[in-house]
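First the structure, in the form of structure tokens, and then the observations on it.
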Amino acid sequence: MIVTSSRDKSIILWHLTKDEKTFGVARRRLTGRSHFVQDVVLSSDSQFALSGSWDGELRLWDLNAGISARRFVGHTKDVLSVAFSIDNRQIVSASRDRSIKLWNTLGECKYTIQDGDAHTDWVSCVRFSPNTLQPTIVSASWDKTVKVWNLTNCKIRNTLAGHSGYVNTVAVSPDGSFPNRYWLCAATEQSIKIWDLESKSIVEDLKVDLKAEAEKSDVTDNANKEKVIYCTSLNWSADGSTLFSGYTDGVIRVWGIGRY
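Under UniProt numbering, the first residue of the sequence shown is numbered 1, with each subsequent residue one higher.
Pasting the structure below:
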């Protein structure tokens with residue numbers, strides 16, 4: 001099953017097929033939001049979905065019943081990113097109001113990160129690290145930084161600087177993905193930087209060569225070779241050996257990640 005969100009203010013659940021022409025069939029459409037639905041994620045048991053919208057709210061959806069089970073109210077501007085913890089008991093959200101909020105599943109905000117070491121611009125993405133020994137939250141921002149927070153007290157652990165542009169999205173490698181465990185990918189306009197969260201160092205900088213891609217595909221339009229593209233989504237394979245990245249030119253690029 002796949003769940004998608006859209007600027008048509010809806011969420012759609014898709015049943016995947018093996019048909020080469022029709023990869024998926026819409027199973028259910030969830031509505032009721034008053035603005036664009038920016039982000040949606042599935043719980044690990046696929047029983048619930050969590051969405052964030054430009055109406056400033058999060059919603060928890062019961063997928064079996066097809067209804068909104070809970071509203072999360074507290075952000076003052078658009079919600080840009082949402083995530084479930086590994087055990088589905090905690091929720092984190094990021095917003096254009098420059099804050100990060102930690103919630104329980106009852107819709108109660110337990111902590112807000114907005115002052116002191118907080119981001120100074122829009123918080124574009126938040127994720128939970130799978131590291132259960134040192135539970136952390138990772139956040140990306142238009143202030144060109146990635147920050148790592150202690151989940152237990154929401155205090156700053158590290159600030160990863162050095163990005164040359166807005167950081168659009170982040171992804172943490174899955175637990176048990178040796179040797180790449182707990183690597184973090186941060187995507188900007190120019191590149192995808194892979195950070196080692198333990199050493200706080202960059203182990204790889206992935207850049208798209210549009211000119212080389214155009215030559216391989218026999219594209220003659222120089223505009224395609226020089227256009228600016230942005231990476232807007234990242235996801236690791238289950239074993240942490242492959243990174244999938246989505247770009248604004250409509251292309252998904254797949255990276256094989258080696259040992260460093």
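For every residue, glycine included, the Cβ atom is placed at its ideal position computed from N, Cα and C.
- Annotation note: the UniProt repeat "WD" (72-104) contains the following uninterrupted beta strand (DSSP E) runs of length 3 or greater, listed N- to C-terminal: 79-84, 90-95, 100-104.
- DSSP, read as helix, strand or coil, puts residue 211 in helix.
- In this structure, residue 124 lies away from residue 172, with their beta-carbon atoms at least 8 Å apart.
- For residue 112, the enclosing beta strand (DSSP E) starts and ends at 109-113.
- Residues of the same chain with a CB within less than 6 Å of the CB of residue 62, apart from the 5 flanking positions on each side, are 69 in chain order.
- By the Cβ rule, the segment 87-94 counts as touching the segment 46-58, because three or more pairs are nearer than 8 Å.
- For residue 34, there is no enclosing beta strand (DSSP E), as DSSP marks it with neither H nor E.
- Of the residues 195, 77, 6, 1, the one whose Cα lies closest to the Cα of residue 23 is 1.
- When the five nearest sequence neighbours on each side are left out, the beta carbons in the same chain lying within less than 6 Å of the beta carbon of residue 119 are those of 98, 141, 143, in order along the chain.
- The closest CA to that of residue 129, considering only 87, 162, 110, is found on 87.
- Spatial neighbours of residue 117 in its own chain (CB-CB distance under 6 Å, excluding positions within 5 residues in sequence) are listed in chain order as 156.
- Distance from the Cα of residue 7 is smallest, within the candidate group 194, 40, 164, for 40.
- Sequence-distant Cβ neighbours of residue 247 in its own chain, meaning closer than 6 Å and more than five residues away, are 229, 231.
- In terms of Cα proximity to residue 191, the closest of 233, 138, 35 is 233.
- Looking at the DSSP output, residue 255 bridges to 243.
- For residue 127 against residue 83, the beta-carbon gap comes to about 5 Å, under 8 Å, which counts as contact.
- When the five nearest sequence neighbours on each side are left out, the beta carbons in the same chain lying within less than 8 Å of the beta carbon of residue 4 are those of 11, 12, 14, 40, in order along the chain.
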